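**Student:** Chains as they are written, first to last, in my numbering: chain R, 1 to 374; chain W, 375 to 748; chain H, 749 to 1122; chain C, 1123 to 1496. My questions will all concern the structure given below.
Number of protein chains: 4
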Amino acid sequence: MSPFGPLNGRASKPLQFLTLAVGLLAMTVLSMPDPDASVRTAAVVVLWCCLAIYAADLSAKAWPRAGSQPNYLSSAAGIIDLLAVLPIPIALLLGVPAQTAWLLASLWILKLATAVPGLSMLGRVIALEKRALGSVIVIFLTILVLASVALHVLEGPAQPRQFGSLPLSLWWAVTTLSSTGYGDAVPQTFLGRLIAGIVMISGLGVFGLWTGILATGFAAEHRRRDFIRNWDLVTQVPFFKNLDPPTVIELTRMLRRLDLAERTVIVRRGRPGDCMYFIASGEVEVKVEPHPVKLAAGAFFGEMALLTGGQRMANVVTTQPTTLLALEVADFHTLTAHHPELARAVAAEAARRKGSSEKPSPPAKGKTRERKSR
Amino acid sequence: MSPFGPLNGRASKPLQFLTLAVGLLAMTVLSMPDPDASVRTAAVVVLWCCLAIYAADLSAKAWPRAGSQPNYLSSAAGIIDLLAVLPIPIALLLGVPAQTAWLLASLWILKLATAVPGLSMLGRVIALEKRALGSVIVIFLTILVLASVALHVLEGPAQPRQFGSLPLSLWWAVTTLSSTGYGDAVPQTFLGRLIAGIVMISGLGVFGLWTGILATGFAAEHRRRDFIRNWDLVTQVPFFKNLDPPTVIELTRMLRRLDLAERTVIVRRGRPGDCMYFIASGEVEVKVEPHPVKLAAGAFFGEMALLTGGQRMANVVTTQPTTLLALEVADFHTLTAHHPELARAVAAEAARRKGSSEKPSPPAKGKTRERKSR
Amino acid sequence: MSPFGPLNGRASKPLQFLTLAVGLLAMTVLSMPDPDASVRTAAVVVLWCCLAIYAADLSAKAWPRAGSQPNYLSSAAGIIDLLAVLPIPIALLLGVPAQTAWLLASLWILKLATAVPGLSMLGRVIALEKRALGSVIVIFLTILVLASVALHVLEGPAQPRQFGSLPLSLWWAVTTLSSTGYGDAVPQTFLGRLIAGIVMISGLGVFGLWTGILATGFAAEHRRRDFIRNWDLVTQVPFFKNLDPPTVIELTRMLRRLDLAERTVIVRRGRPGDCMYFIASGEVEVKVEPHPVKLAAGAFFGEMALLTGGQRMANVVTTQPTTLLALEVADFHTLTAHHPELARAVAAEAARRKGSSEKPSPPAKGKTRERKSR
Amino acid sequence: MSPFGPLNGRASKPLQFLTLAVGLLAMTVLSMPDPDASVRTAAVVVLWCCLAIYAADLSAKAWPRAGSQPNYLSSAAGIIDLLAVLPIPIALLLGVPAQTAWLLASLWILKLATAVPGLSMLGRVIALEKRALGSVIVIFLTILVLASVALHVLEGPAQPRQFGSLPLSLWWAVTTLSSTGYGDAVPQTFLGRLIAGIVMISGLGVFGLWTGILATGFAAEHRRRDFIRNWDLVTQVPFFKNLDPPTVIELTRMLRRLDLAERTVIVRRGRPGDCMYFIASGEVEVKVEPHPVKLAAGAFFGEMALLTGGQRMANVVTTQPTTLLALEVADFHTLTAHHPELARAVAAEAARRKGSSEKPSPPAKGKTRERKSR
């Protein structure tokens, strides 16, 4: 789409990661104390190339044109792109030695954050739980301050280089409370060690609280996110339109979304069946002999193995990038037990399709737009 | 309210944190081994100022007058305030050197505990799970004692300075079981190392139990707290009065409370809609052209994007400190699927308001007390 | 009950803990390298006393008599009691030096395990999750073996004292994988450090799996245990007999058991009400003027503050050891929304009691066996 | 089944573990710097034996014959078996010294992975949560790179051997962020320590996120796995066929599967009853006097103690490997409260059986195929 931007779009993700990895590697090589002159030159060349790629990418994205985001440079992604491009030339212009200036290439790692979809979920969890996390931080700080003052008083006279001032003592407290334990400062008196022991055990407790809060928040956010992702797809599957709304909601909570590349084998002949699948978008091919069947969006397959408790009877492969909604066997039984009309609908749909196609019942059948594959 | 107490009330929270930060910093500076005389004097002056502020605050709060808490000094907050004010002058009067006496300013950090609302929740979780946490502590102590005796026997003869007595050996066990690992005492014999390895792995197990218990307890407490916080607000929203009680309960579990400052942008035009909002208290302004609409407590907005699955059609901004109850899209669909009357009520309310105001349907509408903004 | 056993029964728990603490302290003192002769003698005397107490306790429990457990000595508690008493004299008889022999007093710590009720719950969780925990241990062992062989090959030639054999290398791997990190063995080669980094990050992952499994198992076990504890009590409260079985089950899941000592203040006048209480056993006194009211097992109180959303109107204090079932405000509203008959029953019961006693409505009312306190 | 394969089948599991343990021990002995010649020879002999056993096992499994897996060598288990057998002779043939070549026996530990059933569950959790776990890894990497560059700049000049290049600095960052803390590289400057403190605290946070994600994913996977395992068994128990489908689903979620060896005591006389049991396969014997009763698959027992709240009235022992489905007392009460017909069915079945057998009511009764034991 953009003339300059080879890094735009989904397909260029591996290229982005490669640029990042190569750039960071070159930065690392350049930081070595006495690099070989040729190695050094090569590293600098690589770094300039990466910088050029990022600059081209930035200018492509930021260039005002039809359909582009109006204020890209003030968005989070824009700021990260600016941080990737500007600081290094500025530092070089200001006369910072090249070896130091290129260390700013470490800011390129921030680009990873924009490439990872789940990061916003983590941000939301932290935002929602900020009240509880704040309490844990208060406990953390309280222990830190009180412990470092106590150790300063108790150990300071004997070990002035380790505990002789509060900053030194705080350093010890942080390394101990986080259970890092460098061992550069170790209390020697009895009371000092007693307090240190309490600090260590408190560290475990604080950490446990922290983990517990994040685990709780994450579980809730996860359910919410999955529902929204599934809901958008569920509304596209015609089969679900015949169900009453509460059943659709229940189903939406149970489905698991699968985004599959072309030519992925979804179901393998002879394997036990633990799922049925609804096609939200894309197309799959059921490899039945002699005439493979293609199923398009809106169809479902794999229900036979669940109904009979048996094995898969054919391979099913995607023919293009396809999004499926998988329904586990446990959820299938739960749904059909509570909503026998659903079981009937699946069976009826299967029978209808079997009738309309003139071949002996394939193990999996699409609802609409079936075609004999060539 | 109080003549002395500039630190009373919600608005002074930043001032409280500033006083605390400055005071602790001055204490830290004063603890340095050989501070400059002027720096030292400045630090002492700052510390006296902080102490004076805390003393004024305490006397304002503790002074018996109409409306004040009767026995403030025996409450937890009162004791913390006393601990902040009294020990330092007492220590100075008793002849403790100033540098040491001012270390008691570290007690000021306890004031953080009273400022953080979530701390009582953590206390409740620990109280509710005390039985299970007690078991973990017993396991912890048992491993500690048995391991330190074993290492004392095995390593004591070879390393008398590290394992020559039980307290020394216990010190090693605590640093190891908490996975701190200073490295000041390291077993050298084969059997000693074997036991040490078991202690380390047990440490992971004990910590895992601890975290698991806290996570479980926290999840339960969290749900309870949210319900109570929401319930008080839900009973104030007139719209909810028309719903049957079980639906109100269900809704209360789903809502998320948002406390927003003045001039906060809640909804941004063009963004996808993932929530609708009920105003529990305060006021918001819907920035529709040409006549922005103000919505007061009891109104709701943002439902349009959920019903249509589209984007937000206007910015919505708070005009004063406002408390909202947000209903996520997932929960909205769940509710309306099970309670179609709720969907009808939202639609009817929206239609009614559209009729009563004579402008073309704004993207979000308040239920009551709508006013044209000037 | 038993003539020898001052440590039997619930009331003697503090005494048991005291004996244990004193005994372990004496053992610690005795382990010091060059103790004072008098201190040493005192410690030995204390240890003999503790041993005598445990021996008396054991003989009292193990003595066959009417009502005693038939095969106490083969139960877990009996074996722990035997381990506390027998090894020390045997070691002394075998000529082990006193200082070493008395270290066997560390086995007394096992008595803690029998005193803590929650330990069996932890045991159950571990038993139920043994399949998943076993997988984590397999991952742990696999990383351990592969990493130590790799480091032995990579670092062994350069650091023979740290990585020169597999046991040495395994020691490093355990300290690293458990994130203890003594620092006594640190890889120096590039590849060694790369593998060490992977080991450290794997350690976090393994530990996370471990914690996740225990947290999941613990949550399930917790719910089960609470239900059983509550169910036994719920069947004793007459008020619950009038409810239909599904409501009783729902209620049982919501209640929280409180075991209170005599003279505990349950409810304080003027505090916000967040619970109502059912008395499962024991007795409480409602401090209303001028005639305090006593409520016995089967009664409930504290419902007024929930119904009105107001404050507590009187102190309520236990008059003897009492077991209460607390119903949180969130659960109360949920229950009454779904079961209006429950709200009516509470109100009717309250009215009935108000009528039968001739005083002006006390803030909390018992159902049965009300008495004017003297 | 296979003539070569003594390690095939379930019964040979202990033998497999023994071979593995002995082999790894011999490898460890061989790695010692200066082993005794005879010890060394013994270790090599043991290692050759283990290798022979694994080679025989592999050839037995891979040999094409009727009923064998067609492409065993390309399955995961087959590759692990190949890795266990081939590398060592190849290394020896290539002239690698024996002491080094035999270190490849560490690959045998991978066989553990195939022996543990729960490992695939862990794999599934990681696969399902890969999006969220990926975010955590991105956070981890970002902190790692930025912290190591900062420390390289700040500490590099003063401590060139610890922070003089980015790889050195990265090494410090990994040991610190994973809270291992060897202490071989410790920042000395104020700013360096400040950043190090932030890294340590971030380490706790990252780890907490990681644990929270795994805990959430594991809980969901656990429920799913249990349902599937139970469902297969539930459909085999005739008693459940009479229940309506939603009740069966509910029951399936509540049951816990127990796989017991022959002669296991399930229920002990005089113990409190907290479960009832359905026999999915196998046989148990109820030890009532004078005529023990045998119960076969499809029968249930242990319901009496739940109905009466009393104690177990007889021992129940398996007579062959048996799979039970246990229903906890909490779930039993919940089920019967919601489905009184279930309680009636249990009671009716019990009465029917009591009538058809002419003995005085045994404490537990089988539904079908009861036989007097000889």
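Note that CB positions come from ideal geometry on N, CA and C, so glycine has one too. As the structure is a computational prediction, the values presented were derived from the model and not from experiment.
Answer yes or no: does any C-beta atom of chain H fall closer than 8 Å to that of R:Ala330?
**Tutor:** Counting from one through the first sequence, the residue named residue 330 of chain R turns up at place 330. Not an interface residue.
**Student:** If we cut at 8 Å on Cβ distances, does R:Thr368 have a partner in chain H?
**Tutor:** The residue labelled residue 368 of chain R in the question sits at position 368 within the first sequence. Residue confidence is low: R:Thr368 scores 39 on pLDDT, short of 50, so the model does not pin down where it sits. Its coordinate-derived value is still stated next. Chain H, which has no Cβ nearer than 8 Å to the Cβ of R:Thr368, makes this no.
**Student:** Out of C:Met1435, C:Gln1281 and C:Ala1143, which one is the CA nearest neighbour of C:Cys1171?
**Tutor:** Translated into positions along the fourth sequence, residue 1171 of chain C becomes position 49. For the residues C:Met1435, C:Gln1281 and C:Ala1143, the minimum Cα distance to C:Cys1171 belongs to C:Ala1143.
**Student:** Per DSSP, which residues does R:Asp259 bridge with? Please list them.
**Tutor:** Along the first sequence, one-based indexing puts residue 259 of chain R at 259. Note: R:Asp259 sits in a beta bridge opposite R:Thr323.
**Student:** Answer with yes or no whether the minimum CB distance from R:Trp231 to chain W is below 8 Å.
**Tutor:** Residue 231 of chain R sits at position 231 when you count from the first residue of the first sequence. Taking Cβ atoms only, chain W reaches closer than 8 Å to R:Trp231, which makes this a yes.
**Student:** Go through its chain and collect everything with a Cβ distance to C:Val1258's Cβ below 8 Å, but skip five positions before and after it.
**Tutor:** Taking the fourth sequence and counting its residues from 1, the one referred to as residue 1258 of chain C is at position 136. Excluding residues within five positions, the ones whose Cβ falls inside 8 Å are Val1328, Leu1331, Trp1332 and Ile1335.
**Student:** Interface residues of chain W around H:Ala963 at Cβ under 7 Å?
**Tutor:** The sequence position of residue 963 of chain H within the third sequence is 215, counting from 1. Neighbours of H:Ala963 on chain W, chain order: Thr585, Gly586, Ala589 and Thr590.
**Student:** Chain C partners of W:Gly397, CB-CB under 8 Å?
**Tutor:** The residue you call residue 397 of chain W lines up with position 23 of the second sequence. Neighbours of W:Gly397 on chain C: none; closest Cβ ~20 Å, over 8 Å.
**Student:** Keeping to the same chain, check which residues put their C-beta closer than 6 Å to that of W:Tyr651; ignore five residues upstream and five downstream.
**Tutor:** For the purposes of this step, residue 651 of chain W is taken as residue 277 along the second sequence, with counting starting at 1. So the list reads Phe675, Gly676, Leu698 and Ala700, once near-sequence residues are dropped.
**Student:** When you compare the region 229 to 242 of chain R with the region 611 to 626 of chain W, are there three or more beta-carbon pairs, one atom per stretch, that lie closer than 8 Å?
**Tutor:** They do not touch, by the three-pair rule.
**Student:** Check distances from the C-beta atoms of the region 502 to 531 of chain W to those of chain H and list, in chain order, the residues that come in under 7 Å.
**Tutor:** The residues in question are Arg505, Ala506, Gly508, Ser509, Val512, Leu515, Thr516, Val519, Leu520, Val523, His526 and Val527.
**Student:** Let me check one thing: in DSSP terms, what residues is R:Gln311 bridge-paired to?
**Tutor:** Taking the first sequence and counting its residues from 1, the one referred to as residue 311 of chain R is at position 311. Answer by DSSP bridge pairing, in chain order: R:Pro272.
**Student:** Between which two residues does the beta strand (DSSP E) holding H:Ala1190 run?
**Tutor:** A query on residue 1190 of chain H cannot be resolved here, the shown segment of chain H reaching from 749 to 1122 and no further.
**Student:** Please list the partners that C:Gly1305 has in chain W, where partner means a Cβ-to-Cβ separation under 7 Å.
**Tutor:** As a working note, residue 1305 of chain C is residue 183 in the fourth sequence. Within 7 Å Cβ-Cβ: Gly557.
**Student:** Cα-Cα, which of H:Thr848, H:Val844, H:Val1064 and H:Trp856 is closest to H:Leu830?
**Tutor:** If you number the third sequence from 1, residue 830 of chain H lands on position 82. Here the closest residue by C-alpha is H:Trp856.
**Student:** Could you say if the region 247 to 257 of chain R and the region 298 to 318 of chain R meet the contact criterion of at least three C-beta pairs nearer than 8 Å?
**Tutor:** Short answer: they don't touch.
**Student:** Quick one: residues in its chain with C-beta nearer than 8 Å to the C-beta of W:Phe601, no 5 flanking neighbours on either side, listed in chain order?
**Tutor:** On the second sequence, position 227 is the one that residue 601 of chain W refers to. The residues are Thr626 and Arg627.
**Student:** Is there a Cβ of chain W sitting closer than 8 Å to that of H:Asp1022, yes or no?
**Tutor:** Here residue 1022 of chain H is taken as the residue at index 274 of the third sequence, counted from 1. Yes, contact with chain W.
**Student:** Apart from the five residues on each side of it in sequence, which residues of its chain come closer than 8 Å, Cβ to Cβ, to W:Arg686?
**Tutor:** Reading the second sequence from its first residue, position 312 is the one you call residue 686 of chain W. Cβ within range, chain order: Val641, Arg642, Arg643, Gly644, Arg645, Pro646, Gly647, Gly676, Ala679 and Pro737.
**Student:** At 7 Å on the CB atoms, spell out the chain W contacts of R:Pro167, in chain order.
**Tutor:** In the first sequence, counting from the first residue as 1, residue 167 of chain R sits at position 167. Within chain W, the residues near R:Pro167 are Thr402.
**Student:** Start and end of the alpha helix (DSSP H) containing W:Val499?
**Tutor:** Residue 499 of chain W sits at position 125 when you count from the first residue of the second sequence. It spans Leu493 to Leu502 - the alpha helix (DSSP H) in which W:Val499 sits, taken as one unbroken run.
**Student:** Over the uninterrupted beta strand (DSSP E) stretch that includes H:Val1036, give me the two end residues.
**Tutor:** What you label residue 1036 of chain H is simply residue 288 of the third sequence in a count that begins at 1. Taken as a continuous stretch (DSSP letters only), H:Val1036 belongs to no beta strand (DSSP E), as it is neither H nor E.
**Student:** So is C:Arg1379 in contact with chain R if we call contact Cβ pairs under 8 Å?
**Tutor:** Counting from one through the fourth sequence, the residue named residue 1379 of chain C turns up at place 257. Closer than 8 Å: no.
**Student:** Between which two residues does the alpha helix (DSSP H) containing W:Thr549 stretch?
**Tutor:** What you label residue 549 of chain W is simply residue 175 of the second sequence in a count that begins at 1. Leu540 to Leu551 is the extent of the alpha helix (DSSP H) around W:Thr549.
**Student:** So with Cβ pairs under 8 Å, would you call H:Ser950 a contact of chain W?
**Tutor:** Position 202 of the third sequence, counted from the start, is the residue given in the question as residue 950 of chain H. Taking Cβ atoms only, chain W never reaches closer than 8 Å to H:Ser950, which makes this a no.
**Student:** Relative to the C-alpha of C:Ala1165, which candidate in C:Glu1372, C:Trp1185 and C:Gln1221 has its C-alpha closest?
**Tutor:** One-based indexing of the fourth sequence puts residue 1165 of chain C at position 43. Closest by alpha carbon: C:Gln1221.
**Student:** List the DSSP bridge partners of C:Leu1417.
**Tutor:** Position 295 of the fourth sequence holds residue 1417 of chain C. In the DSSP output, where bridge partners are listed per residue, C:Leu1417 has C:Val1406.
**Student:** For H:Phe938, go through chain C and note every residue whose CB falls closer than 8 Å to its CB, in chain order.
**Tutor:** Within the third sequence, numbered from 1, the residue matching residue 938 of chain H stands at position 190. Simply Pro1289.
**Student:** Compare the C-beta of R:Thr176 against all C-beta atoms of chain W and say whether one is closer than 8 Å.
**Tutor:** Start at 1 with the first residue of the first sequence, and residue 176 of chain R comes out as number 176. Closer than 8 Å to some Cβ of chain W, the Cβ of R:Thr176 qualifies, so yes.
**Student:** Mind checking if R:Phe227 is an interface residue toward chain W, Cβ cutoff 8 Å exclusive?
**Tutor:** Translated into positions along the first sequence, residue 227 of chain R becomes position 227. By this cut-off, R:Phe227 is an interface position.
**Student:** When you compare only the Cα positions, how much space is there between R:Ala280 and R:Thr175?
**Tutor:** What you label residue 280 of chain R is simply residue 280 of the first sequence in a count that begins at 1. What you label residue 175 of chain R is simply residue 175 of the first sequence in a count that begins at 1. Between R:Ala280 and R:Thr175, the C-alpha separation is close to 51 Å.
**Student:** Between R:Val286 and chain W, is the shortest Cβ-Cβ distance under 8 Å, so that the two count as touching?
**Tutor:** Along the first sequence, one-based indexing puts residue 286 of chain R at 286. No, because no Cβ of chain W sits closer than 8 Å to the Cβ of R:Val286.
**Student:** Under 8 Å by Cβ, that's how I've got W:Val527 and W:Leu551 pegged, so tell me the actual separation to the nearest angstrom.
**Tutor:** Position 153 of the second sequence, counted from the start, is the residue given in the question as residue 527 of chain W. Position 177 of the second sequence, counted from the start, is the residue given in the question as residue 551 of chain W. With 8 Å as the limit, W:Val527 and W:Leu551 do not qualify as a contact, their Cβ atoms being about 18 Å apart.
**Student:** Is there at least one Cβ from chain R nearer than 8 Å to W:Leu484's Cβ?
**Tutor:** The residue labelled residue 484 of chain W in the question sits at position 110 within the second sequence. Taking Cβ atoms only, chain R reaches closer than 8 Å to W:Leu484, which makes this a yes.
**Student:** For the alpha helix (DSSP H) containing H:Val1077, name the first residue and the last one.
**Tutor:** Translated into positions along the third sequence, residue 1077 of chain H becomes position 329. Residues Val1077 to His1086.
**Student:** Please return the same chain residues whose Cβ sits closer than 8 Å to the Cβ of W:His596, not counting the five positions on each side in sequence.
**Tutor:** Counted from its first residue, the second sequence places residue 596 of chain W at position 222. Excluding residues within five positions, the ones whose Cβ falls inside 8 Å are Met495.
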